[in-house]
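For reference, the structure discussed in these notes is given below.
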Amino acid sequence: MARYGMVIDLNRCYGCYACAMACKLANRTPPGVFWARVLRGEMGAFPNSVRQALPVLCNQCEEPDCMKVCPTGATYQTDDGIVRVDKNKCIGCAYCVMGCPYGQRYKVDEWKSYFPDGLPLSPYEEHTKQFWEEKSGSGVSTKCDFCIERRAEGKEPACVQACSAKARVFGDLDDPESEISYLIKTKRGFVLWPEVGTQPKVYYLPPR
117 MARYGMVIDL NRCYGCYACA MACKLANRTP PGVFWARVLR GEMGAFPNSV RQALPVLCNQ
177 CEEPDCMKVC PTGATYQTDD GIVRVDKNKC IGCAYCVMGC PYGQRYKVDE WKSYFPDGLP
237 LSPYEEHTKQ FWEEKSGSGV STKCDFCIER RAEGKEPACV QACSAKARVF GDLDDPESEI
297 SYLIKTKRGF VLWPEVGTQP KVYYLPPR
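Mapping to our numbering: the sequence shown position 47 is 163, numbers consecutive.
In structure tokens, the structure reads:
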């Protein structure tokens with residue numbers, strides 16, 4: 117069984133937000149919910165400081181804190197290492213939202229329109245709301261699942277396919293011959309906040 121992970125090359129990423137938009141479109145996430153985000157910051161000191169984009173998403177941790185604090189077993193891990201949420205078991209307590217050290221969990225109690233307050237949902241919003249609730253439920257925790265439906269069709273996760281800079285690589289971490297394993301070994305791949313001990317499966321390549 118494969119153990120899936122992702123590598124993000126910070127030297128290639130230029131912060132176009134295509135990953136965030138592709139994820140939102142593929143998963144019909146509600147307003148304010150971004151399973152894929154792009155953070156921006158600065159590195160170095162003036163006059164040699166540079167702006168740096170940092171794409172973030174669920175790290176699909178090997179030892180996920182979100183699963184440890186779930187009181188009902190709604191958060192679980194599949195055989196290929198993907199952390200998922202069973203909407204029928206989730207009681208909406210949001211312990212996992214608080215327990216995730218990476219801030220990659222969301223709980224949606226009410227679907228609000230993108231348009232000003234007082235306006236009803238547009239036909240498209242009604243359609244996306246129905247799609248969302250059929251997949252993720254209502255009033256329960258949600259998160260990235262590496263686009264499990266797309267992968268079942270033989271496709272890459274939406275954020276990987278949409279990346280025009282080819283900064284993202286998705287693959288099997290247990291296959292020493294895979295591209296993702298090669299990049300981690302040869303390009304000094306690292307994870308965010310290794311000190312929290314969750315063993316993330318999303319790796320980054322240094323920006324410079």
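The beta-carbon is built from N, C-alpha and C at its ideal position, and this holds for glycine as well.
Length of the line joining the Cα atoms of residue i and residue j
i	j	result
Arg128	Ala138	18 Å
Asp233	Val149	18 Å
Trp248	Cys182	21 Å
Glu226	Lys303	43 Å
Ser229	Asp290	43 Å
Tyr71	Lys301	Since the first and last residues shown for the chain are 117 and 324, residue 71 lies out of range.
Lys203	Leu155	28 Å
Arg307	Lys317	The question names Arg, but residue 307 is Val in the sequence shown. In a straight line, the C-alpha of Val307 is about 8 Å away from that of Lys317.
Lys205	Cys263	21 Å
Tyr130	Gly160	17 Å
Buried versus exposed, by CB contacts within 10 Å (16 or more), residue i
i	result
Tyr211	buried
Arg221	buried
Glu241	buried
Met214	exposed
Pro171	buried
Ala278	buried
Gly287	buried
Other residues of its chain near residue i: CB distance less than 6 Å, five sequence neighbours each side excluded
i	result
Ala152	Cys135, Ala136, Cys139, Leu173, Cys275
Thr191	Cys182, Met183, Val201, Cys212
Cys146	This sequence places Pro at residue 146; Cys is not what is there. For Pro146, where only same-chain residues beyond five positions count, the Cβ hits under 6 Å are Val224, Trp227.
Lys251	none
Pro323	Leu126, Asn127, Gln168
Extent of the continuous alpha helix (DSSP H) run through residue i
i	result
Leu299	295-302
Gln246	239-252
Ile198	Taken as a continuous stretch (DSSP letters only), Ile198 belongs to no alpha helix (DSSP H), as it is neither H nor E.
Leu321	From DSSP, Leu321 is part of no alpha helix (DSSP H) but of the beta strand (DSSP E) over 318-321.
Val154	Taken as a continuous stretch (DSSP letters only), Val154 belongs to no alpha helix (DSSP H), being part of the beta strand (DSSP E) at 153-159.
Asp291	Element bounds for Asp291: n/a, residue is neither H nor E.
Asp181	181-185
Gly215	211-215
Met122	Element bounds for Met122: not the alpha helix (DSSP H) but the beta strand (DSSP E), 120-125.
Tyr312	In the sequence on display, residue 312 carries Val and not Tyr. That residue, Val312, is in no alpha helix (DSSP H); it is neither H nor E in DSSP.
Cys135	134-143
Val276	274-278
Glu265	264-268
Residue i: first and last residue of the uninterrupted beta strand (DSSP E) it sits in
i	result
Pro171	166-172
Sequence-distant residues of the same chain with beta carbon closer than 7 Å to residue i, five excluded per side
i	result
Asp196	Met117, Ala118, Arg119, Tyr120
Glu179	Gly313, Thr314, Gln315
Gly219	none
Ser280	Cys132, Ala134
Thr194	Arg200
Lys245	Trp227, Leu237
Cys209	Pro187
Arg167	Arg156, Glu158
_Taking 8 Å as the cut-off, does the stretch 257-264 touch the stretch 295-311 (at least 3 CB pairs, one atom from each stretch)?_
Look at the beta carbons and you see the stretch 295-311 not touching the stretch 257-264: under three pairs across the two are nearer than 8 Å.
*So, do the stretch 271-287 and the stretch 181-198 have three or more beta carbon pairs nearer to each other than 8 Å?*
no
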